[in-house]
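Note that full-length UniProt numbering has the sequence shown beginning at 1, numbered continuously upward.
Data block below; observations after.
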Amino acid sequence: MKHLTYRGTFDLGKNVVLKMRTYLKGPCTEENEVLSEWVEVIYPESSQGSLESKVKSFQCINFNFVNLRCEWEAGDLGRNSNYELEYWQEGMSQIKSCKKYMAPNGINIGCDFGREKFELFSDLFIRVTGVPGMDPIRPSYFIFQLQNIGKPAAPENLTMTMDASDDIIFEWKKPNSKIPAHCFQYEIQSKNPMKMWQTLSTQRENRFSFNTSETSEPCIRVRGKINIYCAAEGYWSEWSEEMCLSEPSFEFDLKWLYCVVAAIIILMGFCVATIMYTVIKRRQWSKKLQYEARELVYDIHPVQNPKC
């Protein structure tokens, strides 16, 4: 028995046109192809609310693949209007509504899904329309797969070393996330003589080496993105902190000068005290030796009493 149902994904923000016809071929038609006329069904775009009330510049980003946020610009709304975001993914028992809106001026212009868990490689359907009971808003429909709107955190644990041949070795680790290491690609930049950043390499490895002669200033930064083998699209992460390899230099610091001067004074005082102590001891020993010498002479040649 042939299937009499069909399930597909459509953008309901536009007119959906479906066409179908019957196809026969087999013993009943003596193996000849027999086609019926086309039957056409049109599912019209919603005319609810004015066209100007639709959201603009709708964008969703899955930050580090754990926090989904969607933002948009408000259309032309009346005083008694506001936006409501609804979403659904296969496996959910019912359509859900956003629980945490971003509404700086009282108008909802974003939704923070927090750490709600969504499936990768599965369509997420989103509709932004008006709040029930308020003035109608023209609905907007969007379809995403979470791996295609991911923005990873910046690379971590950057290190820079120089080997014996003056090659600079720059290494890092992927950000802490559930995405495996082989799904990342990286862009490495350094500064040119004009102090402007220039791209040195775009690669999948988390290690990059170059010679000091290739750049005027060995300052490096790196950012990451999910590669085409794991996602069709995606966002670059923020740049990592800038890391520079510089020659060791002495930086003048007044407190170190005070320490050095104090150490010299203490050392000189110790030397002076030692010298004075030595001189005094020598004088004492000299007097003692002179006294002992006189005693010795007296013992050898005693003084004779004069005759009367």
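Using N, Cα and C, we set each Cβ at its ideal position, and we do this for glycine too.
Remember, predicted model here, so these are calculated numbers, not experimental data.
Cβ-based burial, residue i [other Cβ within 10 Å; buried from 16]
i, result
"residue 21", "exposed"
"residue 190", "buried"
"residue 147", "buried"
"residue 54", "buried"
"residue 105", "exposed"
"residue 192", "exposed"
"residue 145", "buried"
"residue 60", "buried"
"residue 159", "exposed"
"residue 27", "exposed"
"residue 39", "exposed"
"residue 240", "buried"
"residue 126", "buried"
"residue 139", "buried"
"residue 270", "exposed"
"residue 113", "buried"
"residue 128", "buried"
Continuous beta strand (DSSP E) stretch holding residue i: start and end
i, result
"residue 190", "184-191"
"residue 111", "110-112"
"residue 210", "207-211"
"residue 131", "That residue, residue 131, is in no beta strand (DSSP E); it is neither H nor E in DSSP."
"residue 160", "156-162"
"residue 228", "Counting along the chain, residue 228 falls outside any beta strand (DSSP E), and DSSP gives it neither H nor E."
"residue 172", "167-173"
"residue 236", "Counting along the chain, residue 236 falls outside any beta strand (DSSP E), and DSSP gives it neither H nor E."
"residue 143", "140-145"
Residues near residue i in its chain [Cβ-Cβ closer than 6 Å; skip 5 each side]
i, result
"residue 225", "185, 234 and 236"
"residue 188", "200, 201, 208 and 222"
"residue 155", "172, 222, 224 and 240"
"residue 169", "161 and 209"
"residue 78", "135"
"residue 95", "86 and 88"
Sequence-distant residues of its chain with Cβ nearer than 7 Å to residue i (five each side left out)
i, result
"residue 12", "141"
"residue 242", "219 and 221"
"residue 10", "16"
Residues near residue i in its chain [Cβ-Cβ closer than 8 Å; skip 5 each side]
i, result
"residue 179", "65, 150, 152, 226 and 230"
"residue 31", "25"
"residue 35", "21, 22, 23 and 24"
"residue 252", "A caution first: residue 252 carries a pLDDT of 48, below 50, which makes its placement in the model unreliable, though a value can still be read off. Once the five neighbours on either side are set aside, residue 252 has no close Cβ partner at all."
"residue 123", "9, 89, 90, 143, 144 and 145"
"residue 119", "89, 90, 91 and 146"
Residue-chain proximity (residue i, chain D), Cβ-Cβ < 8 Å
i, result
"residue 60", "This model lacks chain D altogether; it includes just one protein chain."
Proximity test, residue i beta-carbon vs the ligand SAH heavy atom, cut-off 7 Å
i, result
"residue 174", "As far as ligands go, the structure on display features none, and thus does not contain the ligand SAH."
*May I ask you to verify whether the segment 86-96 touches the segment 31-50, counting CB pairs closer than 8 Å and requiring at least 3?*
Contact annotation: the segment 86-96 does not touch the segment 31-50, with fewer than three C-beta pairs closer than 8 Å.
*asked:* Taking 8 Å as the cut-off, does the segment 131-139 touch the segment 71-84 (at least 3 CB pairs, one atom from each stretch)?
replied: yes
*With a floor of 3 residues, list each beta strand (DSSP E) that falls wholly inside the segment 21-96, ordered by position along the chain.*
39-43, 56-63, 67-73 and 83-89
*asked:* Contact between the segment 103-115 and the segment 61-80 is defined here as three or more beta-carbon pairs at a separation below 8 Å; is this criterion met?
replied: Touching, yes.
*Would the segment 158-178 and the segment 256-265 be scored as touching if the rule is three or more Cβ pairs under 8 Å?*
no
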